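Structure first, then comments.
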Amino acid sequence: MQLIFKLGKIPVLSIAEIITVLKSRNLSYDIINANRYFLHLKINNNIYPDILLNILGGTREIFKVDTIVPTKEARRIKKQFKFNLDNSTTALGFAITESIKSYKEREFKKPYSDIKNRMIPVKLAKIMVNLGIQDDTTAIYDPFCGTGTIITEAILQGLNVYGSDINTQQVKGTIKNIEWIRDQYNLDKNIQFEIFEHNATTMPDKLKAKDDNISIVTEPYLGELWTSKINKGTKNLKTIAKVDKSIEKSIKSISKILKKHQRLVIIIPAFRMKHETMYLKVRDKEFVGLTKIPFISDIITFENKELSDIMSIMYKRRNALILREIFIFEKI
Ligand SMILES: C[S@@+](CC[C@H](N)C(=O)[O-])C[C@H]1O[C@@H](n2cnc3c(N)ncnc32)[C@H](O)[C@@H]1O
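Now the structure itself:
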């Protein structure tokens, strides 16, 4: 079956997610073409594109390449692709579109929110969870769970979840949001979750003994809520240095619970100063027992570039003062 994926706003992140999801489900595929709007794949197994679209956070639509049903709509879509589709491809069959409404609900209607500490966008949380899943991963742990956005996205992917936060209020809020998601999506009343108070700069001992194959997916403390571009004043630099140290210490501690091959998918913040972007030192640190891995290991030519050496992806909202750079580590 041939599928064409309409990619999200950061195409490379969307491609990385699609490929990781297919690999984690042991689905075999051949890459036919890619550009900044679309990824065209031949999938060598039988799959349901609507289920796949539901799993993916960074794909807007999936088109099934079909040689039988030529429709006006299909011809229009085919024109959009700018791919040289195979001559035998006379049409594109059905298109499935993501449900924007359900993303909006998860973003804005959950009972517990926390603007002050910032919340990760739901789609980004979902993509990061997918990037963390290997074929044998059974659980996700978020050691800076905040309002539980990453945790609830992992629950919706059918995973066991563990979460912790230094702040009691956040622990209670995450539990509230889990119960809301459970009711909203009619999930099993007995879904398993364990949310507890914990300082991520120390190792969460109780998780080491779990049978689960746990991957860590997290957005750590990003620093104060700045309202204007940061200057290099001593107070600001001190705060940034504190965030830097805390993330470094946390990576060392939390990664101790990972079993071999499980992943740590983490955001490291960067700060927009008046004239430049300031990166944390932890960004370039090496960690014993962890290896940084590329987002895409396949050879894909994308707009005349090779994608296999991308080691981080920057996620920025328009006018944001704090940028989120995503990294993937694997336990060796
Ligand atoms: C950026 S927020 C995470 C937001 C979360 N991704 C969400 O969408 O709600 C960072 C969280 O880290 C927590 N935190 C700060 N320092 C911590 C530490 N040392 N250990 C654990 N949690 C910490 C804060 O209480 C806050 O909830």
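For the sequence shown, my numbering begins at 21 and goes up steadily by one. Glycine residues also receive a C-beta, built at the ideal position from the N, C-alpha and C atoms. Source: prediction; values computed, not measured.
query                                                                                                               : result
DSSP-derived helix/strand/coil call for Thr110                                                                      : Any reading at Thr110 must be qualified, since the residue scores a pLDDT of 49, below 50, and its modelled position is unreliable; the value itself is stated next. Looking at Thr110 - three-state DSSP - the assignment turns out to be coil, as it is neither helix nor strand.
CB of Leu23 within 8 Å of CB of Ile82, strictly                                                                     : yes
Ile348 vs Val302 beta-carbon contact at 8 Å                                                                         : no
Contact check, Gly183 vs Ile171, beta carbons under 8 Å                                                             : yes
Own chain, CB closer than 8 Å to Asn66, minus 5 neighbours either side, in chain order                              : Met21
Beta strand (DSSP E) segments (min. 3 residues) lying fully within the stretch 246 to 282                           : none
Rounded separation between Lys43 and Asp155 - CA only                                                               : 7 Å
Asp329 and Ile39 closer than 8 Å at C-beta                                                                          : no
Opposing strand residues paired with Ser184 [DSSP bridges]                                                          : Phe216
Buried or exposed (CB count within 10 angstroms, at least 16 for buried), Asp231                                    : exposed
Nonlocal neighbours in the same chain, by C-beta distance under 7 Å from Ile135, ignoring five residues either side : none
Through-space distance from Gly193 to Lys146, alpha-carbon basis                                                    : 19 Å
Whole-angstrom distance between Tyr68 and Thr110, CA atom to CA atom                                                : Note on Thr110: pLDDT 49, under 50, position unreliable in the model; the coordinate value appears next. Their Cα atoms are separated by approximately 22 Å.
Tyr241: CB within 7 Å of a non-hydrogen atom of ligand 2                                                            : No copy of ligand 2 appears in this structure; the ligands present are ligand 1.
Burial state of Glu173, where buried means 16 or more other Cβ atoms lie within 10 Å                                : buried
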